[in-house]
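Note sheet for the following structure.
In this note's numbering, the protein residues as written are 726 to 1245.
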């Protein structure tokens, strides 16, 4: 049997992997969104139709295609069509302003932009004068030129072509530019190849026990690498049914889990907390939920314990990583939660992790250092930022920017983001330690601890607390509570109360924004 160069090249790509799912499970439900339900064979054909139309619109393999919108079936199809056409997908946070959108369009050199119609004003302002080859919509309610959903559904017109696009895409080809949020600088784009993402998908299937016959709920934003690459894509490549929602609204999530027999669901701690605090939580039948994944930020141990108590039989998986590693790096499995509920687990099968000092020497178990990784899942570099790439890979390992330590059993513990560590009176304090202590007070629903500039302390430990509904507690009471749990230098100097904490659309608490609000 002779294998052509073209067919061989296509085997190690995301588009080819989806086609294998379609051949294996043609009539199985792939994706449900609103009233639309896509089976695998039809989803595969729809991806081809849109991929061919992207190429016919003037885009060429290697061009960057920006996508700016909320979760939808059209969003998923646009992503898959981009990979099959050899384009580089650029997912953009739909909460970004016109100026922030323009920066990404310019920095990535985007040739095309697909967006929600509701974001048209931002798109008009951001794209003015850029000379985009294509500007279209994801799912318009009416005829709107290039519209992904309409083209995906177009089975009969003369322009519709559901054959595989005639382009060469390799495993080493760029599949996506993942923009990471900036701290003091502008966002930077991690360059992810097809083969890096596929390596991560395979590891996720094994490490997270993702099964092809188990319904999954996907409600976190798809521009976020965790929802897209740790859960949605591995599920689709296994032939699993994915129930997609536009946002992780507590009432909707609980209803979906109960009505659709959802077996697995991923959410950051803030969303799990909102579900637990929902007044109807206990009235929903959540008995079929067997896999509760969490990540994106640190889950308080008290919340882990509450989830285990209120959803008997559920298995909890702590997922740690970052966009640059596609993003999964370590997992704490359900059977490991009893002995080590505060751990981020152990490195997954495709990741090698170390804890190092400033000279890149390994530190002993229990000693804090920076977390660094090596893996085939890693970015190839930052788009058009060679100096940042060199810095990130100093010493031949990727520097995560996180402080952590290993215990004697090889389990990883996250101490803090380097940028969130507080220098109070010359002593370094991890904000997470203070948060964990405050979370143990029965009145506390959410808490974020930051360091604010202070003439005496360098940085004053400041806690912003959201109380549970119906609870009341004073600043003095919480400070007294903290004094009973931690060393005096870790006790907050100030405790402020808020109705809500600033969060990203992915549910992460935005400490940078909080610091700016508290100290303009």
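Where is the CB? At the ideal position from N, CA and C, for every residue including glycine.
In three-state terms, what does DSSP make of residue 798?
Residue 798 sits at position 73 when you count from the first residue of the chain shown. Reduced to three states, the DSSP call for residue 798 is helix.
To the nearest angstrom, how far is the alpha carbon of residue 752 from that of residue 836?
The residue given as residue 752 occupies position 27 in the chain shown. The residue given as residue 836 occupies position 111 in the chain shown. In this structure, the alpha-carbon of residue 752 lies about 35 Å from that of residue 836.
For residue 728 and residue 742, what's the separation of their Cα atoms in angstroms?
Here residue 728 is taken as the residue at index 3 of the chain shown, counted from 1. Here residue 742 is taken as the residue at index 17 of the chain shown, counted from 1. Summary for residue 728: the model assigns pLDDT 43, below 50, so the residue's position carries little reliability, and this model does not support an answer.
Let me know the alpha helix (DSSP H) ranges lying completely inside the region 990-1019, each 4 residues or longer, listed in chain order.
Runs of the alpha helix (DSSP H) inside the region 990-1019: 994-1001.
Helix, strand or coil: which one does DSSP assign to residue 1183?
Residue mapping note: residue 1183 aligns to position 458 of the chain shown, counting from 1. Of the three classes helix, strand and coil, the one that applies to residue 1183 here is strand, per DSSP.
Taking 6 Å as the limit between beta carbons, can you name the residues of its chain near residue 1126, skipping five residues before and five after?
Taking the first residue of the chain shown as 1, we reach residue 1126 at position 401. Annotation for residue 1126: 1143 place their beta carbon closer than 6 Å to its own, counting only its chain and skipping 5 residues before and after.
For residue 894, collect the residues of the same chain with a Cβ closer than 6 Å to its Cβ; drop the 5 residues on either side in sequence, then sort them by chain order.
The residue labelled residue 894 in the question sits at position 169 within the chain shown. The beta carbon of residue 894 is closer than 6 Å to those of 738 and 811 in its chain, skipping five residues each way along the sequence.
Around the C-beta of residue 1074, are 16 or more other C-beta atoms found within 10 angstroms, so that it is buried, or is it exposed?
In the chain shown, counting from the first residue as 1, residue 1074 sits at position 349. Exposed, because fewer than 16 other Cβ atoms sit within 10 Å of the Cβ of residue 1074.
Where does residue 919 fall in DSSP's three states?
For this step, residue 919 is matched to residue 194 along the chain shown. DSSP places residue 919 in helix when its eight states are reduced to three.
Span of the alpha helix (DSSP H), counted from its first residue to its last, around residue 828
As a first step, residue 828 is located in the chain shown; it is residue number 103 there, counting from the start. For residue 828, the enclosing alpha helix (DSSP H) stretches over residues 823-833.
Nearest by alpha-carbon distance to residue 791: which of 804, 1058 and 1243 is it?
Looking up residue 791 in the chain shown gives position 66. Ranking 804, 1058 and 1243 by Cα distance to residue 791 puts 804 first.
On a CA-only basis, which of 865, 935 and 942 is nearest residue 757? Give me that one, please.
What you label residue 757 is simply residue 32 of the chain shown in a count that begins at 1. Nearest C-alpha to residue 757: 942.
When the Cβ atoms of the region 920-929 are set against those of the region 827-842, are three or more pairs found closer than 8 Å?
No contact exists between the region 920-929 and the region 827-842.
Same chain, Cβ closer than 6 Å to residue 1140, five either side skipped, listed in chain order
Residue numbering aside, residue 1140 sits at position 415 when the chain shown is read from its first letter. Sequence-distant partners of residue 1140 (beyond 5 residues in either direction) whose C-beta falls short of 6 Å from its own C-beta, in its chain, are 1093, 1128, 1129 and 1155.
Measure the Cβ-Cβ separation of residue 966 and residue 999 and say whether it is below 7 Å.
On the chain shown, residue 966 is found 241 positions in, with the first residue counted as 1. On the chain shown, residue 999 is found 274 positions in, with the first residue counted as 1. By the CB criterion at 7 Å, residue 966 and residue 999 fall outside the cutoff.
Just curious, the alpha helix (DSSP H) that residue 849 is in, first and last residue?
In the chain shown, residue 849 corresponds to position 124, counting from 1. Following the DSSP letters along the chain, one finds residue 849 inside the alpha helix (DSSP H) bounded by residues 845-852.
Which first and last residues belong to the beta strand (DSSP E) in which residue 774 is found?
Here the question's residue 774 lines up with position 49 in the chain shown. Not the beta strand (DSSP E): residue 774 falls in the alpha helix (DSSP H), residues 765-781.
Is it right to say residue 797 is buried, meaning 16 or more other beta carbons lie within 10 angstroms of its own, or is it exposed?
For the purposes of this step, residue 797 is taken as residue 72 along the chain shown, with counting starting at 1. Around the beta carbon of residue 797, 16 or more other beta carbons sit within 10 angstroms, so the residue counts as buried.
Start-end ranges of the alpha helix (DSSP H) lying completely within the region 911-961, minimum 4 residues
For the region 911-961, the full-length alpha helix (DSSP H) segments reaching 4 residues or more read 919-932 along the chain.
Within the same chain, show all residues whose beta-carbon is closer than 6 Å to that of residue 816, passing over the 5 residues directly before and after it, in chain order.
In the chain shown, residue 816 corresponds to position 91, counting from 1. Cβ within range, chain order: 792 and 948.
Bridge-paired residues (DSSP) for residue 1148
Indexing the chain shown from 1 puts residue 1148 at position 423. Answer is 1153.
Closer than 7 Å by C-beta to residue 908: which residues in its own chain qualify, once you throw out the five before and the five after it? Chain order, please.
Working through the chain shown from its first residue, we reach residue 908 at position 183. Low confidence applies here, because residue 908 scores a pLDDT of 43, under 50, leaving its location unreliable; read the following figure in that light. So the qualifying residues of the chain are 1144 and 1237.
Nearest to residue 1233 (by Cα), restricted to the options 1190, 1176, 1023 and 1150:
Mapped onto the chain shown, residue 1233 falls at position 508. Closest by alpha carbon: 1023.
In the DSSP assignment, what residue or residues form a beta bridge with residue 1200?
Here residue 1200 is taken as the residue at index 475 of the chain shown, counted from 1. Looking at the DSSP assignment, residue 1200 forms no beta bridge with any residue, so it has no partner.
Spatial neighbours of residue 1162 within its chain, please: C-beta separation below 6 Å, excluding the five flanking residues on both sides.
Working through the chain shown from its first residue, we reach residue 1162 at position 437. For residue 1162, where only same-chain residues beyond five positions count, the Cβ hits under 6 Å are 1207, 1210 and 1211.
First and last residue of the beta strand (DSSP E) that includes residue 755?
Indexing the chain shown from 1 puts residue 755 at position 30. Run containing residue 755: 754-758, per the beta strand (DSSP E) assignment.
Report the start-end ranges of each alpha helix (DSSP H) in the region 1014-1050 that is 4 residues or longer and not cut off at the edges.
For the region 1014-1050, whole alpha helix (DSSP H) runs of length 4 or above, ordered along the chain, are 1026-1035.
Go through its chain and collect everything with a Cβ distance to residue 842's Cβ below 6 Å, but skip five positions before and after it.
Taking the chain shown and counting its residues from 1, the one referred to as residue 842 is at position 117. Cβ within range, chain order: 862 and 865.
If we count the other Cβ atoms within 10 Å of its Cβ and call it buried at 16 or more, is residue 1077 buried or exposed?
Numbered from its first residue, the chain shown carries residue 1077 at position 352. Exposed, by the Cβ-count rule.
Candidates 931, 1214 and 1231: which alpha carbon is nearest residue 1183's?
As a working note, residue 1183 is residue 458 in the chain shown. Out of 931, 1214 and 1231, 1214 has the C-alpha closest to the C-alpha of residue 1183.
Which residues in the same chain as residue 1197 place their Cβ atom closer than 6 Å to its Cβ, once the five residues preceding and following it in sequence are excluded?
Here residue 1197 is taken as the residue at index 472 of the chain shown, counted from 1. Excluding positions up to five away in sequence, the list is empty.
Beta bridge counterpart(s) of residue 901 as assigned by DSSP
Along the chain shown, read from residue 1 onward, the residue named residue 901 stands at position 176. In the DSSP output, where bridge partners are listed per residue, residue 901 has 814 and 917.
Could you round the C-beta distance between residue 985 and residue 1009 to whole angstroms and report it? I think they count as a contact, below 8 Å.
Within the chain shown, the letter at position 260 stands for residue 985. Within the chain shown, the letter at position 284 stands for residue 1009. Between residue 1009 and residue 985 the Cβ distance is about 12 Å, and since that is not below 8 Å, they are no contact.
C-alpha distance - residue 913 paired with residue 1226, whole-angstrom precision
Residue numbering aside, residue 913 sits at position 188 when the chain shown is read from its first letter. Residue numbering aside, residue 1226 sits at position 501 when the chain shown is read from its first letter. Between the C-alpha atoms of residue 913 and residue 1226 there is a straight-line separation of about 25 Å.
Counting beta carbon pairs with one atom in the region 1097-1110 and one in the region 1043-1060, are three or more of them shorter than 8 Å?
Touching, per the Cβ criterion.
Residue 773 and residue 1249 - do their beta-carbons sit closer together than 7 Å?
Any answer about residue 1249 is impossible in this case: the structure gives the chain only from 726 up to 1245.
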